[in-house]
Amino acid sequence: MSMINYASREINCKLVYYGPGLGGKTTNLEYIYERVNPETRGKLISLATEQERTLFFDFLPVDLGEIRGFKTRFHLYTVPGQVYYNASRRLILKGVDGIVFVADSQPERMDANIASMHNLYENLAEYGYDPRTLPIVLQYNKRDLPNALPIAELREQINPDHLPEFEATAVEGEGVFDTLKAVSKLVLKSLG
Amino acid sequence: MMADGQWAIAAEDLARLDALLASFLSEARLRCALLLDRTGRFLTAAGETGELDPTTFASLAAADFAASDQLAQLLGEADFSSLYHAGERQSMLLADVGGQAILAAIFDDRSTLGLVRLQMRALLPQVAAVFAEMGDRAPAPGGPLDPAWLAAAADEIDRLFNG
Ligand SMILES: Nc1nc2c(ncn2[C@@H]2O[C@H](COP(=O)(O)OP(=O)(O)O)[C@@H](O)[C@H]2O)c(=O)[nH]1
Ligand SMILES: [Mg+2]
């Protein structure tokens with residue numbers, strides 16, 4: 002999972018944005034890329050199809066400044082949501098330190114949210130990662146849509162374990178940084 | 034397992050890896066050589082990395098390797114131990130290091146695929162031995178992640194990730 006390089010004095014952590022297709026994972030990364038201080042981030046890499054759907058992953062490295070002699074670098078990845086890309090999803094989870102599950106608030110996407118959550122737990126189990134100790138936060142995205150389900154209903158269906166949760170409208174950036182802050186703090190705490 | 038669990042790389046280990054890469058670089062007449070872990074994190078490099086962004090390179094090369102492993106399994110192979118990409122002016126040979134790391138050699142017409150392969154075959158067990166030793170060793174004590182460090186990091190997160 003995380004790697005501490007005592008020679009270059011760097012701590013590397015891998016954060017993965019997971020969730021159903023078209024839920025807003027790539028939109029989260031694009032917003033972070035646009036808004037974070039350009040000196041602290043690297044290139045945003047997207048391995049996407051011509052229809053701009055994520056094929057393999059999106060990748061964005063973001064550096065915290067130097068803290069007491071150590072530089073912390075977060076590697077942000079998204080996975081492709083489409084059901085048939087499970088092999089790529091599993092590969093990207095390798096070495097994960099923290100997960101943001103981006104749920105789609107629309108009622109017609111509820112089944113997809115649930116299926117994706119199951120798929121996440123299955124894939125974590127395959128690597129022997131324990132979801133009870135791995136930092137996971139939940140983002141209820143697309144809160145701007147008029148048909149968005151009430152939070153209570155979403156919570157009941159996909160957050161029975163009371164993971165930390167955030168409302169978001171990723172297209173407008175709302176909630177994007179709150180989610181990122183929460184997961185990155187949990188990840189650093191889990192290393193300590 | 035080291036590549037999957039939380040792990041640390043000490044300055045001495047990195048110095049040994051750098052020395053191995055440096056001799057590989059000259060013996061195989063490479064443009065550059067890079068070492069990364071299987072999850073896509075850059076470890077170290079030797080040679081003319083110039084414009085090459087090591088972070089991006091490491092992430093894509095690990096993905097490339099992971100995808101080929103899956104392709105190998107579809108063909109009934111356990112894995113492909115190396116991958117070759119041929120370009121017009123530069124080519125690249127990627128090899129697995131004991132399932133824990135990936136070694137990438139980038140070369141141009143100063144060298145040949147045959148020479149690079151030959152030298153890589155000699156190098157890989159030595160690099161793998163360093164990784165195996167690192168994996169066996171207990172993590173270095175006195176890491177940076179004490180409560181004061183964590184508090185400072187949390188402040189930095191608030192400052193940087195404020196949208
Ligand atoms: N209305 C609305 N649309 C969104 C929101 N976030 C993302 N989208 C749209 O949903 C679609 C899929 O988003 P994308 O980030 O590609 O989803 P991914 O498959 O999870 O990576 C795009 O057309 C986005 O513009 C949101 O908060 N509200
Ligand atoms: Mg996407």
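Chains as they are written, first to last, in the numbering used here: chain A, 2 to 193; chain B, 34 to 196. Every residue, glycine too, gets a C-beta built ideally from N, C-alpha and C.
Residue i to residue j span [Cα, whole Å]
i	j	result
residue 142(A)	residue 36(A)	18 Å
residue 43(B)	residue 146(B)	32 Å
residue 79(A)	residue 91(A)	12 Å
residue 49(A)	residue 99(B)	17 Å
residue 120(A)	residue 63(B)	43 Å
residue 179(A)	residue 166(A)	10 Å
residue 24(B)	residue 144(A)	Outside the shown range of chain B (34 to 196) lies residue 24(B), about which nothing can therefore be said.
residue 229(A)	residue 177(A)	There is no way to answer for residue 229(A), as the model of chain A reaches only from 2 to 193.
residue 110(A)	residue 47(B)	48 Å
residue 49(B)	residue 123(B)	27 Å
residue 163(A)	residue 86(B)	40 Å
residue 193(A)	residue 180(B)	7 Å
residue 99(A)	residue 20(A)	14 Å
residue 68(A)	residue 13(A)	13 Å
residue 137(B)	residue 6(A)	19 Å
residue 136(A)	residue 141(B)	44 Å
residue 185(A)	residue 169(A)	17 Å
residue 117(A)	residue 82(A)	8 Å
residue 126(A)	residue 161(A)	18 Å
residue 148(A)	residue 94(B)	42 Å
residue 144(B)	residue 127(B)	16 Å
residue 173(A)	residue 27(A)	13 Å
residue 113(A)	residue 185(B)	39 Å
Supposed contact pair residue j and residue i - C-beta distance, whole angstroms, cut 8 Å
i	j	result
residue 188(B)	residue 133(B)	Not a contact, Cβ separation roughly 34 Å.
residue 18(A)	residue 101(A)	5 Å
residue 103(A)	residue 140(A)	5 Å
residue 65(B)	residue 139(B)	5 Å
residue 80(B)	residue 92(B)	Actually they do not touch by this definition, with Cβ atoms about 20 Å apart.
residue 56(A)	residue 107(A)	Not confirmed; about 24 Å, so no contact.
residue 73(A)	residue 65(A)	4 Å
residue 105(B)	residue 112(B)	5 Å
residue 11(A)	residue 58(A)	Rounded, the Cβ-Cβ distance is 22 Å, inconsistent with contact.
residue 77(A)	residue 46(A)	The Cβ separation is near 11 Å, so there is no contact.
Closer than 8 Å to chain C by CB, residue i
i	result
residue 99(A)	The chain inventory of the structure shown lacks chain C, comprising the protein chains A and B.
Under 9 Å by beta carbon: chain A residues contacting residue i
i	result
residue 47(B)	6, 7, 8, 9
residue 96(B)	48, 57, 58, 60, 89, 92, 93
Outcome for residue i when other beta-carbon atoms lying within 10 angstroms are tallied against a minimum of 16
i	result
residue 15(B)	Chain B is shown only over 34 to 196; residue 15(B) falls outside these bounds and no answer can be derived.
residue 195(B)	exposed
residue 109(B)	exposed
residue 134(A)	exposed
residue 192(B)	exposed
residue 103(B)	exposed
residue 129(A)	exposed
residue 107(B)	exposed
residue 16(A)	buried
residue 114(B)	exposed
residue 3(A)	buried
residue 40(A)	exposed
residue 158(B)	exposed
residue 151(B)	exposed
residue 59(B)	exposed
residue 138(A)	buried
residue 24(A)	buried
residue 31(A)	buried
residue 129(B)	buried
residue 163(B)	buried
residue 105(A)	buried
Amino acids of chain A, ordered along the chain, whose beta-carbon sits closer than 7 Å to that of residue i
i	result
residue 190(B)	65, 182, 185, 186
residue 79(B)	Per Cβ cutoff of 7 Å: no residues; residue 79(B) is ~14 Å from chain A at best.
residue 134(B)	Under the 7 Å cutoff, chain A gives no residues; its nearest Cβ is about 11 Å from residue 134(B).
Neighbouring residues, chain B, relative to residue i (Cβ below 7 Å)
i	result
residue 88(A)	103
residue 142(A)	Chain B residues near residue 142(A): none, gap ~15 Å exceeds 7 Å.
residue 178(A)	194, 195, 196
residue 43(A)	86, 88, 89
residue 73(A)	186
Where residue i meets chain A, residues with beta-carbon distance less than 8 Å
i	result
residue 139(B)	Ordered by position in chain A, no residue passes the 8 Å Cβ test against residue 139(B), which lies about 19 Å from the chain.
residue 70(B)	4, 96
residue 42(B)	4, 5, 6, 7, 8
residue 99(B)	92, 95
Proximal chain B residues relative to residue i, where beta-carbon distance stays under 8 Å
i	result
residue 13(A)	74
residue 193(A)	178, 179, 180, 182, 183
residue 190(A)	183
Amino acids of chain B, ordered along the chain, whose beta-carbon sits closer than 9 Å to that of residue i
i	result
residue 62(A)	88, 89, 92
residue 46(A)	89, 92, 93
residue 68(A)	177, 182, 185, 186, 188, 189
residue 38(A)	193
residue 174(A)	196
Any non-hydrogen atom of ligand 4 closer than 7 Å to residue i Cβ
i	result
residue 145(A)	You won't find ligand 4 in this model; what it holds is ligand 1 and ligand 2.
Around ligand 2, Cβ to any heavy atom closer than 7 Å, ordered along the chain: 26(A), 27(A), 54(A), 55(A), 59(A), 79(A), 81(A), 82(A)
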